[in-house]
Amino acid sequence: MTDMHSPGGARVTREPGNMERRAGWTRRLAFGVVLACGLAATGLADTVVKAGRAYTGSGEVIENAVVIIVDGRIQAVGAGLAVPDGADVIELPDTVLTPGLIDAMCVLDFEVQQSAFRGRLFEATAAAPETATPEAICRIHDARSVDGELLGPQDFWSRVAADVHEDDPNHFECVCAGSLPGSQAAATPLASAIRPRTTWAEHSSEVVPHTAVIDAVNLWSNDFERLCREGVTTVFVSPDSASVIGSRGAIVKTAGRVGQRIVRAEDAAKASMGGDPARRGRSNVMPFGGRASIHTRRPTTRMGVDWVFRKAFYDARRAQAGLPVSGADAPPAEAMAALNGILRQEIPLRIQARMQHDIFSAIRVAGEFGLPFLLEEATEAYQCLEALKQANLSLVFGPVYMDATGFRRTNGEARDPRLTTPRQLHQAGIPFALTAQEFRGEEGLARQAMLAIRYGLPHAAAFAAVTQVPARLMGLEERIGDLRSGLDADLVLWRGEPFSAEGRAVLVMIDGQVVYQEDK
Amino acid sequence: MTRMLTLGVALLAAALPAVGQVAPERVALTGVRILPISGPAIDKGTILIERGRIAAVGEDVEVPFDARVFELDGRTVMPGLIDVHTWRGMDQPNETRPVTPQLDVYDAIDPSQLFFEDSLRLGVTAIHVMPGDNTVVGGLGRVVRPIGRTLGEMTIAPGSFLKLAVAPKGGFDRMMQMSTLREAFAKLSDELGKLAEARYEEDRKEKDEPVDVVPDEARKRGVKLIRVEDLTDETRNLLRLTGGAVTVGDETGEPLLDPLGAFVHCARAMDVAPAIQIARDNGFFDRLVLVLGPECFKAIPELKKAARPVVLVGDLTHRETDPLTGKVRETFVPRKYADAGLMFSLLPGPSSSLPERMLTYQAARCVRGGVGRDVALRAITSHPAETLGLGDQLGSIEVGRAAHLVVFTGDPLDFNSVVERVFIDGIPAYDRARDVRLQRLLSFQETNAEETPE
Amino acid sequence: MRKRNSLRSAAVLAVLLVSGAAAAQTVIQADGWVKPDGSLAREAVYVTVRDGQVAEVSGTAPQGAAVQRFEGGILAPGMIDLSGGLAALGDRSEDANAMEPAARAADALDRYQDYAHRLAHAGVTAFAICPDDTTLIGGRLAAVHSVGPDGRPALLGAGPLHVSLSASVYRVDREPTSRTGALGLLRRTLRAATAGDQPEPLRAFAAGELAGLVTAPTAADVLATLRLADQMNLEVSLRHTVDGRDVAGLPGLRDMRVVVGPLSNYASDRDRHSAGALQRAGVRIALVGGYPNAGPDALRLSAAMAVRGGLGLDAARRAVSLVPAEVLGVADRLGAIEVGRQADLVVFSGDPLDLRSRVLAVYSAGRRLEEQAHD
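Chains as they are written, first to last, in the working numbering: chain A, 1 to 520; chain B, 1 to 454; chain C, 1 to 375.
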């Protein structure tokens, strides 16, 4: 056996021109810098959008609205502005125009991993040569779901199961009806739901702020397309709540050219209080089935969760000072840089907490290190309005529900929601954004605003809670979330009032480009 | 079984069910916007209710001095909404055995379930409780109102529909499902034939005459000798489904029982044709109602030809993945039925979905999806009433109809409108101001839980 | 003549004879040939083979040489199949650790298995052995000549370093357990390698001197690879990519090599269209057949299916010869009929992409393989 390093071997010579070109474009992609050259500028002549009425990010109304777009950005907004010569005009007089909606805590569907299954299945055959008979190939073929998507069989079943409510005795029927192998056309299960104890988080440690969800985001996911159709143009892709201090989220646009879609590749790190890290730590299940971890997951109680959080930052400080770090719950060495980044407030921190006492815990442990944070989900926020105000907290609240479903139903943290919490937060003067998290369609972000309005939140406040406020909470108020000169031209045109039951998005534009148009 | 039927019939005949909450003699709703469904809206009018029935509707209706008056200025009243097919309200939707025509939801409805309270809160005044979809022949349904402490008090009409499913029951494939279904009818005809033969033989014996014909002929001759009491429970309901009269060969006896219709569940488009066929083959096509999953819109040509009423299950959107692009295509299903001119009824979505569990929201979704407003409103009122054969009682605001009325704070399809009051058979059944559970969900502080509605 | 060690081959009893080893000169005449650019020229061609290498390609017969003539034959470069997973070949990658950069697939070459002969007789004159997808970094591939000088498979050299982003990498009992963890670990390791703190193949890879072959099934994997390659200045090709239609437009992919397949008759529309979409976006496509699970003709089946999905004919011919040679780093010796390259040649009865075409003769380094008795 020879290991050849001669020109015949696998060593390569590089073409600098080629590499530089690649380096250039992916750097834009990675750091989300939209350059007004190359990709960004091509083919974007001035566009003018005219609608019957427009709402700005604060809910202000402009009748006869005209938006002038240059190079993917809003140049001017006003009532009855003159159309510049040579501009493309999109005129839909019976529609309402709004800035694109923003979900500041979007939980994406599992699509990346489904796709990854194709690779797995291939390897599965490869691993067992004796099964590579036509029958074995047929078995693989059967693992395709009815609509031709290739899934692990268990995954498919559990997805269907997750889509059905536990108290629905019809679910068995649904499963049967939707899943006969070989049939050509059946409903596509769209379970944007998290199942209890299922996690995609890296669980070789409970403290993983050195990982980033951007590595796992499938920008081609159907989920993005769905969000886009529903008028959501920018999302914070939220990490899993299975870690005490979890990954860093990513802020991405839901459509458009890939190179421009990443607004911020590595944004806030997400910590979780309460049952999720403890519960999911105790008995993880891999989404494609099977036990997920033999790693000793230390927090099995809320006490443990608080302790791991505290110890992580304590150790990070020690590491910073060059002192040795010890103890079973010490964070991994590679997490230290990110932890210190959080301590220096260079990396924003979010903490998810649902129940009142978990919210108090979040305020307390973050307070010990003087860390400002964004409170997520906050189901029982109505029980601690004063504390929230005193701590000067902002919230990403939601979803609004009366009876919890899915994992919320089983984890016992959502037994006592209130439909009026958004109204109460508003009245208490606490800044908050609304989120739909994993919900889509009739409970998607626009519908969350619709529900909040039904239960007492003023229209303008609901409007701000899905546009201006989330933009501000993520430090992007100079880029998205409003109709102002200089902001990205992320626009949605709605037929009917945006947050009414009869309203629907008919045209969505991101960075001045039409990315969705209803075909009628 | 007989007991229940008699009870149901008795209640219907009485027209005014014996309920704990007694209807006032006369009730008047004044100053209210009226959506009668059967006719144009009346912007400001009065509805007069007498003994649970609508006595007068119009702009200039004189209110009798002794009527209990509800001044409803600025409100909108429409007919009570109808949930035309649900298994909720029962402890369990299905027996594990596949063929159970003898079962009746009467035995399983739990009047104390919160489901009824929730329905009332959302403006539903009539609920057709049916066995679930996980069955072959599931049993008899019943139309109830969401008020009353006993099933007797709740009943609006006894069951006139059997539940059938063409979509496979759990553990069955489609071939098994269909063969079990066909076998049930074959067994019925076999049993009736045997019964006829036995009756004929008995009859000859009583008359001391010999049985001198071949069995096939004996069966024909015995058809008219069968009495209702001879029938077993299983046979009884299936016989009613086929029309109520015994037929052997070309010989048909007198109608023994009232006929039943069927709600046939089809999950996929491929279920539709067999469902129609089995109804034609067994004589209940004229009383067939199809309960359709989202994909069934693909069978609209067949459905159009059959022209039977259909019920659309809660998920109104069909999604399919394009095998080439991997992209999901969505079809808003009710639009397809509306365009085809089929009479369809809507069902509430899952109870956990805050908006979709409201029938009015489902109708609003239809409007969003391009269905006419009138059609969308009829799909939650008059269409289900007609589907149930109760079109002369429910589903519209007309003189002589049962006073099932819902008062909304605004337009019913506006999501910000809420149900303020509900009248069922003239009884003021719901008052939002006294809805304790709702107030708790909506309020800052715990309300006093001891306060009860009237 | 040598007795073969397979029980199954009792009925087959193929006889392999190496005729005229290292004959001084052979001239092969065919009525058409596959040019290095992949195009099919239906014109008389005379290929002179000397010392195992192509010495001359000409339209006229060289003077005074004995010619092996194939009436109606099409001469094509020997095909190269990259799909040999270690596990499929009866071995398995060590995966107790996610990082096995020093592993060499060459160590797993079993020269006494007979699949290589079957491959060779189907026209696949070279193949790869690839570490499994279960390790994040699984070591270097091996490039193998199907039939070497002694009639058994022979190592051609070490190929690129295998990196897997497939979900098979995640394990419950070791890092990483997830995608985010896998990419984090990969980045950390490569950074350490840049600082000289890793075994040699990794250092070379991190420095961009050693090519990598990345198993990147999904669009997200492709994007992650491109980001990584960009951040670290790596030289990589991609493998097992099924979301080709999605990623085809990415400018970073242009001029890269992507290994697509296997594509059987079970391949979905989406999979079949992947190669064509990528090719139109300027990507160089290599195809795999999926031996030894699939039969030796599976490589040509993949090519035919890819053509049905929109891959150009010339690109498809390159995708089974020249491009896989590039991926393996042996393109200076294999992959095309060109003077100076090894004379791995196949004579087909028609276009190699036409599944009806039979293999009339196979030359491995200039030596003609005897026909198998049963064929």
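We treat Cβ as the ideally placed atom computed from N, Cα and C, and that holds for glycine. Being a predicted model, the structure only gives us computed values, none of them experimental.
- Query: Could one say the Cβ of Y455 (chain A) lies closer than 8 Å to chain B's Cβ atoms, at least one of them?
  - Reply: Within the first sequence, the letter at position 455 stands for residue 455 (chain A). When Cβ-Cβ separations below 8 Å define contact, Y455 (chain A) makes contact with chain B.
Buried or exposed for L346 (chain B), please, with buried defined as at least 16 other CB atoms from any protein chain shown within 10 angstroms of its CB. In the second sequence, the residue the question calls residue 346 (chain B) occupies position 346. Answer is buried; the Cβ neighbour count reaches 16.
Q | Beta-carbon gap between A436 (chain A) and D103 (chain A) smaller than 8 Å | A | For the purposes of this step, residue 436 (chain A) is taken as the residue at position 436 of the first sequence. For the purposes of this step, residue 103 (chain A) is taken as the residue at position 103 of the first sequence. Result yes, Cβ atoms of A436 (chain A) and D103 (chain A) sit closer than 8 Å.
DSSP-derived helix/strand/coil call for V169 (chain C)
Along the third sequence, one-based indexing puts residue 169 (chain C) at 169. Looking at V169 (chain C) - three-state DSSP - the assignment turns out to be helix.
Check: Which one of B:R142, B:A364 and B:P210 has the shortest CA to CA distance from G389 (chain B)?
Finding: Translated into the one-based positions of the second sequence, residue 389 (chain B) becomes position 389. Closest option to G389 (chain B), Cα to Cα, is B:R142.
Give me, in chain order, the residues of the same chain whose beta-carbon lies closer than 6 Å to that of G477 (chain B); leave out the 5 immediate sequence neighbours on both sides. Since the displayed chain B opens at 1 and closes at 454, residue 477 (chain B) lies outside it and no answer follows.
- Query: Can you tell which of B:G193, B:A165 and B:G341 has the C-alpha that lies nearest to the C-alpha of V371 (chain B)?
  - Reply: Within the second sequence, numbered from 1, the residue matching residue 371 (chain B) stands at position 371. If we check each option's Cα against that of V371 (chain B), B:G341 comes out closest.
- request: To the nearest angstrom, report how far apart A328 (chain A) and V400 (chain A) are at their CA atoms.
  value: Counting from 1 along the first sequence, the entry for residue 328 (chain A) is found at position 328. Counting from 1 along the first sequence, the entry for residue 400 (chain A) is found at position 400. Take the alpha-carbon of A328 (chain A) and the one of V400 (chain A): they are about 39 Å apart.
Worksheet entry | Contained beta strand (DSSP E) runs [length at least 3] in the region 399-447 of chain B, N- to C-terminal order | 405-408, 419-424 and 427-431
Q. For R308 (chain B), does the count of other Cβ atoms within 10 angstroms reach 16, so buried, or fall short, so exposed?
A. What you label residue 308 (chain B) is simply residue 308 of the second sequence in a count that begins at 1. Label assigned to R308 (chain B): buried.
(message) Buried or exposed, going by whether 16 or more other CB atoms sit within 10 Å of the CB of K44 (chain B)?
(response) Counted from its first residue, the second sequence places residue 44 (chain B) at position 44. Result: exposed.
CA-CA distance, A304 (chain C) and R317 (chain C)? The residue labelled residue 304 (chain C) in the question sits at position 304 within the third sequence. The residue labelled residue 317 (chain C) in the question sits at position 317 within the third sequence. Near 10 Å, if we compare the C-alpha coordinates of R317 (chain C) and A304 (chain C).
- Ignore the nearest five residues each way along the sequence and tell me which others in A154 (chain C)'s own chain have a CB closer than 6 Å to its CB. For the purposes of this step, residue 154 (chain C) is taken as residue 154 along the third sequence, with counting starting at 1. Closer than 6 Å at Cβ, skipping near neighbours: H145 and G148.
Mind the definition here: the region 306-325 of chain B touches the region 281-298 of chain B only if three or more C-beta pairs lie below 8 Å; say whether that holds. yes
Item to check | Start and end residues, alpha helix (DSSP H) containing I342 (chain A) | outcome: As a position in the first sequence, residue 342 (chain A) is number 342, starting the count at 1. Taken as a continuous stretch (DSSP letters only), the alpha helix (DSSP H) holding I342 (chain A) covers M336 to L343.
Open item on the list: Buried or exposed, going by whether 16 or more other CB atoms sit within 10 Å of the CB of T150 (chain B)?
Closed with: Counting from one through the second sequence, the residue named residue 150 (chain B) turns up at place 150. Exposed, because fewer than 16 other Cβ atoms sit within 10 Å of the Cβ of T150 (chain B).
- Task: Just the chain A side, please: which residues come within less than 9 Å of E95 (chain B) by C-beta, in chain order?
- Result: Taking the first residue of the second sequence as position 1, residue 95 (chain B) is located at position 95. Under the 9 Å cutoff, chain A gives no residues; its nearest Cβ is about 11 Å from E95 (chain B).
* Asked: What did DSSP end up calling H273 (chain C) once you bin it into helix, strand or coil?
  -> One-based indexing of the third sequence puts residue 273 (chain C) at position 273. H273 (chain C) falls in the helix class under three-state DSSP.
Limits of the beta strand (DSSP E) - the one that N524 (chain A) falls within: Since the first and last residues shown for chain A are 1 and 520, residue 524 (chain A) lies out of range.
message = Counting only C-beta atoms, is D221 (chain C) closer than 8 Å to chain B at any point?
response = On the third sequence, residue 221 (chain C) is found 221 positions in, with the first residue counted as 1. Not closer than 8 Å to any Cβ of chain B, the Cβ of D221 (chain C) fails to qualify, so no.
I want to verify the contact list: residues of chain B whose CB lies under 9 Å from the CB of M450 (chain A), in sequence order. Taking the first residue of the first sequence as position 1, residue 450 (chain A) is located at position 450. Going along chain B in sequence order, the residues near M450 (chain A) (Cβ under 9 Å) are P355, F415 and N416.
### Query
Would E502 (chain A) pass as a contact of A364 (chain B) if the rule is Cβ separation under 8 Å?
The residue labelled residue 502 (chain A) in the question sits at position 502 within the first sequence. The residue labelled residue 364 (chain B) in the question sits at position 364 within the second sequence. Yes, these two residues count as a Cβ contact at 8 Å.
> Cβ atoms of A79 (chain A) and L483 (chain A): under 8 Å apart, would you say?
Replying inline: As a working mapping, residue 483 (chain A) is identified with position 483 in the first sequence. As a working mapping, residue 79 (chain A) is identified with position 79 in the first sequence. Against a cut-off of 8 Å, the Cβ pair of A79 (chain A) and L483 (chain A) comes out as no contact.
Going along the chain, which residues of the region 151-179 of chain C sit with their C-beta nearer than 9 Å to a C-beta in chain A?
Along the region 151-179 of chain C, going in chain order, the ones with a CB nearer than 9 Å to a CB of chain A are L155, L156, G157, A158, G159, P160, L161, S164, L165, S166, A167, S168, Y170, V172, D173, R174, E175, P176, T177, S178 and R179.
Would you kindly report the start and end of the unbroken alpha helix (DSSP H) that includes F313 (chain A)? Indexing the first sequence from 1 puts residue 313 (chain A) at position 313. Bounds of the alpha helix (DSSP H) holding F313 (chain A) are R302 to Q320.
By the criterion of Cβ-Cβ separation under 7 Å, what are the contact partners of T225 (chain C) in chain A? In the third sequence, counting from the first residue as 1, residue 225 (chain C) sits at position 225. T225 (chain C) does not reach chain A, its nearest Cβ partner there being about 10 Å away, counting only Cβ pairs nearer than 7 Å.
Check your understanding: Between the beta-carbon of P77 (chain C) and the beta-carbon of L345 (chain C), is there less than 8 Å?
Key -> Here residue 77 (chain C) corresponds to residue number 77 of the third sequence, with the count starting at 1. Here residue 345 (chain C) corresponds to residue number 345 of the third sequence, with the count starting at 1. Against a cut-off of 8 Å, the Cβ pair of L345 (chain C) and P77 (chain C) comes out as a contact.
Q.
Between the region 489-509 of chain A and the region 220-233 of chain A, can you find at least three pairs of beta-carbon atoms closer than 8 Å?
A. yes
(Q) Once the 5 residues before and after A126 (chain C) are set aside, which same chain residues still bring their CB inside 7 Å of it? (A) To locate residue 126 (chain C), count along the third sequence from 1; it is residue 126. The answer, listed in chain order, is G78, I80, A143, V144, H145, S146, L156, L334 and D344.
Label G370 (chain A) either buried or exposed according to how many other C-beta atoms from any shown protein chain fall within 10 Å of its C-beta, with 16 as the threshold for buried. The residue given as residue 370 (chain A) occupies position 370 in the first sequence. Answer is exposed; the Cβ neighbour count stays below 16.
In or out: V347 (chain C) buried (at least 16 other Cβ within 10 Å) or exposed?
Numbered from its first residue, the third sequence carries residue 347 (chain C) at position 347. Classification of V347 (chain C): buried, given that the 10 Å Cβ count is 16 or more.
T420 (chain A) and L442 (chain B) - do their beta-carbons sit closer together than 8 Å?
Counting from 1 along the second sequence, the entry for residue 442 (chain B) is found at position 442. Counting from 1 along the first sequence, the entry for residue 420 (chain A) is found at position 420. For L442 (chain B) and T420 (chain A), yes; Cβs fall inside 8 Å.
Would you call the CB atoms of P259 (chain B) and R287 (chain B) closer than 8 Å? In the second sequence, counting from the first residue as 1, residue 259 (chain B) sits at position 259. In the second sequence, counting from the first residue as 1, residue 287 (chain B) sits at position 287. Yes, they are a contact pair.
**Prompt:** Between P199 (chain C) and the rest of its own chain, which residues show a CB-CB distance below 6 Å, the 5 nearest in sequence each way excluded?
**Reply:** Here the question's residue 199 (chain C) lines up with position 199 in the third sequence. Take P199 (chain C), set aside five residues on each side of it, and the residues of its chain with a beta-carbon closer than 6 Å to its own are P101 and A102, in chain order.
Straight-line Cα distance separating L438 (chain B) from S351 (chain B)
Looking up residue 351 (chain B) in the second sequence gives position 351. Looking up residue 438 (chain B) in the second sequence gives position 438. When rounded, the distance between both Cα atoms is 15 Å.
Would you say A216 (chain A) lies against chain C (beta-carbon separation less than 8 Å)?
Position 216 of the first sequence holds residue 216 (chain A). Taking CB atoms only, A216 (chain A) has a neighbour in chain C less than 8 Å away.
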